[in-house]
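Written out as structure tokens, the structure is:
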């Protein structure tokens, strides 16, 4: 049960990094800097998927589905958090 939790934590950290450097979010929030390049964002997205591939390769479908659901929920919370931060600035 520890593997999916660690996998979700790792992927959530990468999702947070992706959210912080998103160029469109930075433009609409009028933040300085250009954000991450397309290559960097693609690399981070692939890196966020690595724990899911690990769960698949170890033959643990339950861990994969727990990771998949956890990443979906984490992504929504990250989006909500950045949206709330933008509303506080405006």
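Residue numbers (my numbering): 1 to 90.
For each residue, glycine too, the CB sits at the ideal point set by N, CA and C.
Values in this document were obtained by computation on a predicted structure and should not be read as measured data.
Indicate the three-state DSSP secondary structure (helix, strand or coil) for residue 61 in the structure shown. helix
Since residue 74 and residue 8 are thought to touch, with beta carbons under 8 Å apart, how far apart are those beta carbons, to the nearest angstrom? 7 Å
Exposed or buried, what is residue 32 when buried is set at 16 or more other beta-carbons lying within 10 Å of its beta-carbon? exposed
Separation of residue 30 from residue 80, as counted between CA atoms: 18 Å
Could you compute how far the alpha carbon of residue 110 sits from the alpha carbon of residue 63? In the structure as shown, the chain begins at 1 and stops at 90. Residue 110 is therefore absent and cannot be evaluated.
With distances taken Cα to Cα, identify the nearest neighbour of residue 24 among 43, 3 and 38. 38
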